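Residue numbers (the numbering used here): 8 to 387. Glycine included, every Cβ here is placed at the ideal spot set by N, Cα and C. Keep in mind it's a predicted model, so treat the numbers as computed, not measured.
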Amino acid sequence: MKYAGLFKLAYKLLVNDRGKFYALLLGITFAVFLMVEMTSLFAGILNRSASTVTNVGATIWIMDPAVNTVASSIPMPDYLLNAVRSIRGVHYAVPLYSGGAQVKLKGGAYQAVTVMGLDDTSLVGRPALEQGHIQDIYAENAFIVVDDAEFSKLGKPAIGAEFELNDHRGVVVGIAKVNAFGLFGIPTLYTTYRRATEYIPNPRFTISYILAEPTDAQAIPAIKREVAALGYLALTKDEFDKRIADFYKYQTGVGTNIMLMTIISFIVGLTISAQTFYTFVLENLDKFGALKAIGAKGYELTYMILFQVAFTSLTGYGLGTGLCALMIMVARLRLPDYAALITVPNLGLALGMVMLIAAVSSYISIRKVLKVEPFDIFRG
Numbered sequence: 008m009k010y011a012g013l014f015k016l017a018y019k020l021l022v023n024d025r026g027k028f029y030a031l032l033l034g035i036t037f038a039v040f041l042m043v044e045m046t047s048l049f050a051g052i053l054n055r056s057a058s059t060v061t062n063v064g065a066t067i068w069i070m071d072p073a074v075n076t077v078a079s080s081i082p083m084p085d086y087l088l089n090a091v092r093s094i095r096g097v098h099y100a101v102p103l104y105s106g107g108a109q110v111k112l113k114g115g116a117y118q119a120v121t122v123m124g125l126d127d128t129s130l131v132g133r134p135a136l137e138q139g140h141i142q143d144i145y146a147e148n149a150f151i152v153v154d155d156a157e158f159s160k161l162g163k164p165a166i167g168a169e170f171e172l173n174d175h176r177g178v179v180v181g182i183a184k185v186n187a188f189g190l191f192g193i194p195t196l197y198t199t200y201r202r203a204t205e206y207i208p209n210p211r212f213t214i215s216y217i218l219a220e221p222t223d224a225q226a227i228p229a230i231k232r233e234v235a236a237l238g239y240l241a242l243t244k245d246e247f248d249k250r251i252a253d254f255y256k257y258q259t260g261v262g263t264n265i266m267l268m269t270i271i272s273f274i275v276g277l278t279i280s281a282q283t284f285y286t287f288v289l290e291n292l293d294k295f296g297a298l299k300a301i302g303a304k305g306y307e308l309t310y311m312i313l314f315q316v317a318f319t320s321l322t323g324y325g326l327g328t329g330l331c332a333l334m335i336m337v338a339r340l341r342l343p344d345y346a347a348l349i350t351v352p353n354l355g356l357a358l359g360m361v362m363l364i365a366a367v368s369s370y371i372s373i374r375k376v377l378k379v380e381p382f383d384i385f386r387g
């Protein structure tokens with residue numbers, strides 16, 4: 008009950024000057040909004056950059072060691088597929104084709120697309136269909152279109168719609184749904200490996216990746232060593248995701264720019280909250296002095312300030328996070344390919360920064376309050 012009374016008094020002191028209280032709350036809210044928005048945008052970019060890995064879902068990806076992202080595949084020789092299949096511990100291995108092309112739509116417009124060629128026998132990595140039957144992919148000129156944020160760029164084709172790809176006729180036989188959308192705003196088509204390599208001009212080698220399934224998890228290290236001995240790289244799905252994320256973090260300007268914006272947001276929030284709260288303490292110094300004069304201990308005044316700072320910081324954190332979530336929701340309604348994604352680590356990072364802002368503000372204010380002497384207050 009004793010501390011409940013102190014906290015109630017602290018709350019009344021905090022909201023007594025509504026203008027300064029709202030200014031303090033607005034500063035923290037704005038800082039949290041920027042921090043969550045920037046980190047969410049980066050998380051969305053990383054998530055979409057590895058969308059092909061997520062959608063295909065293979066356990067082991069075998070590639071050229073120079074590959075950093077799915078889009079930058081380097082063709083590998085056909086003999087490598089047989090070599091991988093002969094490795095002890097490999098349950099099966101299939102080729103995957105990934106390439107870019109231009110399709111001519113019915114109205115005469117051209118649209119860039121990504122073509123995924125699945126193994127003709129097993130169709131490993133095939134997407135789930137919302138319309139059509141997967142067996143129809145074996146029909147003449149058959150393609151499956153992914154219904155994602157870029158679907159409208161193909162004119163929202165229905166089953167039976169036709170297009171041209173390098174003077175070859177293409178027919179939509181299925182509409183697919185995938186777990187993750189692409190990053191670069193390009194529609195995706197699925198077909199068989201043989202058809203993809205026939206329709207799209209290619210260099211001497213045509214295998215973009217080899218998808219392998221181990222007999223058990225214990226066989227993965229041995230498979231990776233055998234593939235390395237052949238001069239190539241084998242990565243698990245999680246390792247490939249991390250390799251792509253590291254590329255965007257450290258080898259492009261995306262990670263640096265997002266980090267700078269997040270730091271700037273933190274500095275803005277720290278500056279506004281620390282200055283505003285210090286001003287609030289100065290204006291209420293006589294009240295803290297009076298409390299000290301009637302017997303309030305230093306630790307009790309400290310608890311009051313900590314409560315005020317924590318209440319303001321956590322309220323601003325909640326408002327900033329909610330505002331960011333609302334903005335992302337509205338943006339996705341208008342821009343389906345908007346990439347921002349709020350994740351638990353992003354929220355944790357923003358909360359940690361808010362707590363740091365609160366700690367600095369508390370330290371500055373507590374030092375001032377503990378130094379005040381009741382005699383000086385009443386004499387003034």
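DSSP-derived helix/strand/coil call for residue i
| i | result |
| --- | --- |
| Met8 | Low confidence applies here, because Met8 scores a pLDDT of 45, under 50, leaving its location unreliable; read the following figure in that light. Note: Met8 maps to coil in three-state DSSP. |
| Tyr255 | helix |
| Ile151 | strand |
| Gly260 | helix |
| Arg176 | strand |
| Ala300 | helix |
| Glu44 | helix |
| Gly162 | coil |
| Leu277 | helix |
| Tyr345 | coil |
| Leu196 | strand |
| Ile144 | helix |
| Gly124 | strand |
| Gly26 | helix |
| Phe170 | strand |
| Glu137 | strand |
| Gly323 | helix |
| Gly34 | helix |
| Gly132 | coil |
| Ala156 | coil |
| Gly181 | strand |
| Ser372 | helix |
| Ile207 | coil |
| Leu13 | helix |
Buried or exposed by the 16-neighbour rule on C-beta atoms within 10 Å, applied to residue i
| i | result |
| --- | --- |
| Val351 | exposed |
| Leu218 | buried |
| Met8 | Low local confidence applies: a pLDDT of 45 at Met8 is under 50, so the model's placement there is unreliable, and no value is given. |
| Ile301 | exposed |
| Tyr29 | exposed |
| Val222 | Reading off the sequence shown, one finds Thr at residue 222, where the question assumed Val. Exposed, by the Cβ-count rule. |
| Thr283 | buried |
| Tyr257 | exposed |
| Pro102 | buried |
| Arg133 | buried |
| Gly390 | Any property of residue 390 remains undetermined from this structure, which presents the chain solely from 8 to 387. |
| Lys299 | buried |
| Ala338 | exposed |
| Tyr239 | buried |
| Ser47 | buried |
C-beta atoms of residue i and residue j nearer than 8 Å
| i | j | result |
| --- | --- | --- |
| Leu190 | Ser56 | yes |
| Tyr104 | Thr204 | yes |
| Val131 | Leu196 | no |
| Ile373 | Ile312 | yes |
| Leu348 | Gly64 | no |
| Arg202 | Gly124 | yes |
| Leu206 | Asp127 | The question names Leu, yet the displayed sequence has Tyr at residue 206. Not in contact: Tyr206 and Asp127 (Cβ atoms no closer than 8 Å). |
| Thr213 | Pro82 | yes |
| Pro164 | Val179 | yes |
| Ser368 | Ser272 | no |
| Gly327 | Val43 | yes |
| Ser215 | Ser93 | no |
| Ile166 | Gln142 | no |
| Asn209 | His175 | no |
| Phe254 | Asn75 | yes |
| Ala108 | Asn173 | yes |
| Ile69 | Leu136 | no |
| Phe295 | Leu308 | yes |
Neighbour flag for residue i against chain D, beta carbons, 8 Å
| i | result |
| --- | --- |
| Arg25 | Judged by its chain identifiers, the structure shown contains no chain D, having just a single protein chain. |
Residue i CB to nearest heavy atom of the ligand GTP below 7 Å
| i | result |
| --- | --- |
| Asp344 | No copy of the ligand GTP occurs in the structure displayed, which carries no ligand at all. |
Inset, instruction - Specify whether the region 224-235 and the region 150-162 touch according to this definition: at least 3 beta carbon pairs, one from each stretch, less than 8 Å apart. - result: With the cut-off at 8 Å, the region 224-235 and the region 150-162 do not touch.
Inset, instruction - Count the CB pairs spanning the region 27-41 and the region 179-188 that are closer than 8 Å, and state whether there are at least three. - result: no
Inset, instruction - Would you list, in sequence order, the uninterrupted beta strand (DSSP E) runs of no fewer than 3 residues that lie entirely inside the region 212-244? - result: 216-221 and 240-243
Legend entry - Unbroken stretches of the alpha helix (DSSP H), 4 residues or longer, contained in the region 71-114: Whole alpha helix (DSSP H) segments, 4+ residues: 86-92.
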